[in-house]
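Some notes on the structure that comes next.
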Amino acid sequence: MDYIPYGRQSISDADIEAVVEVLRSDWITQGPIIDDFEQVVAEYCGAKYAVAVSSATAGLHLACLALDLGPEDTLWTSPNTFVASANCGRYCGASVNFVDIDSKTYNLSLTALTRRLEVAAHKGQVPKIVVPVHLAGQSCEMEPLAQLAQQYGFHVLEDASHAIGARYQGQAVGCCNFSAMTVFSFHPVKIITTGEGGMILTNRSDLYKRLIRLRSHGITRDVKLMTEDSHGPWYYQQLELGLNYRMTDLQAALGISQMQRLDEFVDQRRKLAAHYDRLLADLPLTLPWQHADTESSWHLYIIRLQLAKIERSHHQIFEALREAKIGVNLHYIPVHTQPYYQQMGFTWGDFPVAEQYYREAISLPLYYGLTEAKQDRVIQTLREILR
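In my numbering, the protein residues as written are 1498 to 1884.
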């Protein structure tokens, strides 16, 4: 019996040919294909600028640097995310805090955020950056979040690692109409892949220029930005402390090819999610709820166990699925419960909605190449375990 992973990439002959063509060219690291990939993603999302980077983690870090996040500042994000959404603040020396999640979308709760901001404003402790995380491919409620940002004076940085191909109020996630920047991930289990890699999108030219510089050691060859006359055509200057967060042409070529199938990928994921919805509706499960303003790209299909109606524990059900060669996963362990963050004073009980979600959630297999037969095997196995 084949193992069914929770996610996996789909690589076509066209993808392979695109990479091989770059291997045979004069450029395999930083070359013209990166610019092409950036343009393809920016045009798809309706953003003015895109900056390709080595990972979404790198993208979040650079975005925080571009917004001048520093040791005197604070970043807020959801506890229900991968640690990178919070770590990007710590990389800059900033303090990090969390806002509990919405019980239906599992994204950052606007109600909880509003309450926290009111208290923070009274104390003069409003965060510099808020990072909403579009969990599983469903956008956060960005318009009211942008209104709060304007009211309280913080920057919005979208962690859209799960959400390329998703839409909010009919517009593509990544358009940055309600945020300073958006970051995508192209890890192999995401909607499209470049192996490893990510992308930052923005509509602000000042941020774009700084991101380009920061991803390559803080170096510029633009004579207009130099502090003295150029010494010659070889000359460059390091204007600030940047990093080596660059993508390669090899990865960009794969990304361009994958982008040609993005809508196809998302459409298939939506069909698979609808199939789960139909055939799991009678089980003691809470199925994914979708906000009316959103069209998810369905990176993940997350169920919650109604444990009061089930004789087995969360752990037992998870292990039983794994033993049946169904590679379920759990997204995510609340970040504030990690030892690193507990050393800062966070503890269990701080964000009860996220913690209750963690005790019940399981991510079922969902990816472009998942066949109906394999999906039905997942469903039937789950039915037998819950019986």
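A virtual CB, placed ideally from N, CA and C, is assigned to each residue, including glycine.
In the structure shown, R1664 falls within a strand segment according to DSSP collapsed to helix, strand and coil. Under the DSSP assignment, E1655 falls in the beta strand (DSSP E) whose first and last residues are 1652 to 1656. Beyond the five residues adjoining it in sequence on each side, Q1755 comes within less than 7 Å, by CB distance, of D1512, I1689, T1690 in the same chain, given in chain order. The beta-bridge partner set that DSSP reports for N1741 consists of S1713. The alpha-carbon of Y1773 is positioned some 18 Å away from that of I1814. Uninterrupted alpha helix (DSSP H) stretches at least 4 residues long and entirely within the segment 1623 to 1654 occur at 1639 to 1649, given in chain order. With contacts defined as CB atoms closer than 7 Å, T1679 and G1692 fail to qualify as a contacting pair. In the DSSP annotation of this structure, the continuous segment of the beta strand (DSSP E) that includes M1678 starts and ends at 1678 to 1682. The secondary-structure analysis by DSSP pairs Q1734 across a beta bridge with T1717.
Shortest Cα-Cα distance from A1749 to any of C1542, L1557, G1504, A1547 involves A1547. In the DSSP annotation of this structure, the continuous segment of the beta strand (DSSP E) that includes M1696 starts and ends at 1695 to 1699. Beta-carbon to beta-carbon, G1662 and L1759 are separated by about 5 Å, close enough to satisfy the 8 Å threshold. Assignment of F1534 by DSSP, reduced to helix, strand and coil, places it in the helix class.
Listed as beta-bridge partners of G1866 by DSSP are no residues whatsoever. Spanning the alpha carbons of G1504 and L1559 requires a straight line of approximately 27 Å.
Counting only residues of its own chain and dropping the five nearest sequence neighbours on each side, R1801 has a CB closer than 6 Å to the CB of T1783, E1857, A1858. When only Cα atoms are considered, V1850 and G1824 end up about 26 Å apart. Residue range 1746 to 1756 is occupied by the alpha helix (DSSP H) that includes S1754. Apart from the 5 residues on each side of it in sequence, G1694 sits with its Cβ closer than 6 Å to the Cβ of F1683, M1744, Q1748 in its chain, given in chain order.
Note: A1547 is bridge-paired with L1698 in the DSSP secondary-structure output. A1591 is not a Cβ neighbour of L1704, given a cutoff of 7 Å. Cβ contact annotation for D1533 (same chain, cutoff 8 Å, sequence separation greater than five): A1749, I1753, in chain order. Uninterrupted beta strand (DSSP E) stretches at least 3 residues long and entirely within the segment 1744 to 1828 occur at 1798 to 1802, given in chain order. Taking 7 Å as the cut-off, the Cβ atoms of Y1742 and I1716 do not count as close.
With respect to the 7 Å criterion, L1645 and P1629 are not classified as neighbours on the basis of their beta carbons.
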